[in-house]
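Under the UniProt record's numbering, the first residue of the sequence shown carries the number 1, and numbering increases by one thereafter. Cβ atoms here follow ideal geometry from the backbone N, Cα and C, with glycine treated the same way. Structure first, commentary second.
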Amino acid sequence: MMSSERVDGRTLRFQHRRPELLAAATEYVLDHGVTGLSLRPVAQALGVTHATLLRHFSSKDELIKCVVEKMRTDLFAQVTADRELKEAGSTAELLRITWRRLCEPKEQRQFLLLFETVAGEGWRSGDGGELARSMDDYVDFISGWLRQDGWAPEDASTLATLLLAQIRGLQLDLLVSGDRARADRAFEFALTLLEPRTGPSAP
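Structure (structure tokens):
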């Protein structure tokens, strides 16, 4: 039996449609962050009962885990299916397109959530869960492009890791300082790491 909390059309719409509820919850978390997050305000904002939210997500931690997983799978699916990225002529061009998009306010919310989550959890167990898997996804993706540009597999993985670290760090700097011009210059400087290797590695 449903609780005595107010039930509206959205409650009924979401009751058996977890993907839609998760999508709405993801937008809420991206807008509000995870510090002090409570399921009752989330449920109220989504127009569902607390009981409905708990039926799909057993706890706040479970909701956050599912949100991060959705962000990871959605973003990676977008990146790998994007026509402009597929047609990039080099790794540097691919990263320039990606950087430009990541600097859009809507996309920056993901970095805010990343930094907030890492700061709050501290990965005491040494396992970053979905966040760690997300890093692996992008290291592999960029490594593939670097290998096409002539980098040896081990060097490609190392360089991809370094470039991702640069992007994350510069996004943090941009979020704090708001100085887009400086962040852009630093990003272009980071891309000079790609310049020395123009052909296949020497045997």
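- Secondary structure at T98: helix, using DSSP grouped into helix, strand and coil.
- The DSSP-derived three-state label of L37 is coil.
- Residue H32 holds the alpha-carbon nearest to the alpha-carbon of F111 among L94, T158, P19, H32.
- Rounded to whole angstroms, M135 and L21 show a C-alpha spacing of 26 angstroms.
- In the same chain as A92, and ignoring 5 residues on each side of it, the C-beta atoms closer than 6 angstroms to its own belong to L191, L194, in chain order.
- Looking only at V118, Y138, A24, the smallest Cα-Cα distance to Q78 is reached by Y138.
- Between L170 and F187, the C-beta gap is smaller than 7 angstroms, which places the two residues in contact.
- With a contact defined as Cβ atoms closer than 8 angstroms, A160 and L172 miss out at about 19 angstroms.
- Its chain contains I97 as the residues whose beta carbon lies nearer than 7 angstroms to that of E84, once the 5 sequence neighbours on both sides are disregarded; these appear in chain order.
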